[in-house]
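Here's the structure, in structure tokens; my notes come after.
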Amino acid sequence: MAYEEGSSTGMVMPVAPAGYGNGGFGGFGGDGWWIILLFVLLGGGMWGGNGMMGGMGLYPWMNQADITTSGFQNSMLQSNLSGLQAAVTSGFGDVQTALCGGFAGVNATVNGAQNALAQQMYTNQISDLERSYAAQTAVTAGMTGIQSQLAQCCCDNRLATESLRATVLQENCQDRYEAANNTRDIIDSNNRIGQAIIDKLCALEMAGKDSRIADLERQLTMASLAASQNAQTATIQAGRRALANEVEQYVLPTPRPAYVVQNPNCCYNNAAGCGCGNF
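Here the working numbering = 1-based position in the sequence shown + 659.
In structure tokens:
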């Protein structure tokens with residue numbers, strides 16, 4: 660039976676020490692089976708009994724010489740057995756100590772191998788972690804670079820879009836400005852044409868009015884001249900008639916009847932007669 664610690668180390672530890680593998684049951688020097696055989700012999704009456712196991716009672720032979728001798732022999736045998744037991748115990752202790760020392764060495768070796776294996780595993784794990792960290796750092800740097808490129812690309816696209824939008828807006832504003840100017844020019848031209856037409860109509864109306872006024876003035880002047888001429892003619896005719904009448908009265912006066920008007924301040928009657936007593 661063997662103890663193996665992992666398949667990677669290739670180490671095999673036997674349970675029993677290697678120095679005790681061949682002589683365990685072949686003699687009296689390598690194990691403790693002889694003490695068991697000794698107890699079997701003692702249990703069988705010490706090579707035939709020897710007068711011991713068959714007469715172990717004290718009474719009534721307690722004071723016999725052979726019994727006393729047998730007691731001393733038993734005492735010596737017990738002393739020898741005690742010494743033998745101490746030796747056996749010491750041997751077992753030495754064997755146990757040796758076993759413990761061997762197992763301690765094996766354990767130390769196993770612990771050393773385990774520590775070395777653990778250290779190697781730690782080293783490998785640290786190396787794996789470092790490689791993983793380096794790979795992760797590289798991936799992170801790559802992702803950061805990609806993100807930066809994407810951000811720059813987005814910024815460039817956004818800037819280009821805004822520039823295009825600004826250009827379109829500027830062109831739209833310019834087009835609107837040109838359209839507004841053209842519309843204003845058209846409106847101004849129409850206004851000028853309309854104003855010219857209105858001015859022409861006003862001029863025609865003013866000319867007609869002036870012509871009418873001139874006609875009316877001429878008519879008034881003619882009427883005034885005619886009235887003045889008629890008045891002058893009537894005056895002249897009246898003067899001529901008066902002159903003719905004066906001449907005619909002077910040359911040939913014509914009698915004219917006249918009614919004498921009474922003086923209102925005279926000739927009051929007393930209402931008594933026909934003029935008698937009048938003043």
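Every residue, glycine too, gets a C-beta built ideally from N, C-alpha and C.
{"Check": "For Tyr836, three-class secondary structure by DSSP", "Outcome": "helix"}
{"Check": "Own chain, CB closer than 7 Å to Gly764, minus 5 neighbours either side, in chain order", "Outcome": "none"}
{"Check": "Three-state secondary structure assigned by DSSP to Tyr781", "Outcome": "helix"}
{"Check": "Length of the line joining the Cα atoms of Asp815 and Ala800", "Outcome": "22 Å"}
{"Check": "Close beta carbons around Gln732, own chain, < 6 Å, minus the five adjacent residues each side", "Outcome": "none"}
{"Check": "Status (buried if at least 16 other CB within 10 Å, exposed otherwise) for Asp858", "Outcome": "exposed"}
{"Check": "For Asn849, the three-state DSSP class (helix, strand or coil)", "Outcome": "helix"}
{"Check": "Leu911 (DSSP reduced to helix, strand or coil)", "Outcome": "coil"}
{"Check": "Nearest-angstrom Cα separation, counted from Ala757 out to Gly771", "Outcome": "20 Å"}
{"Check": "Own chain residues within Cβ distance below 8 Å of Ala819, not counting five before or after", "Outcome": "none"}
{"Check": "Helix, strand or coil at Gln985 according to DSSP, with G and I counted as helix", "Outcome": "Absent from the model: residue 985. The displayed extent of the chain is 660 to 938, so no value can be given."}
{"Check": "Alpha carbon of Gln829 to alpha carbon of Ala838, nearest angstrom", "Outcome": "14 Å"}
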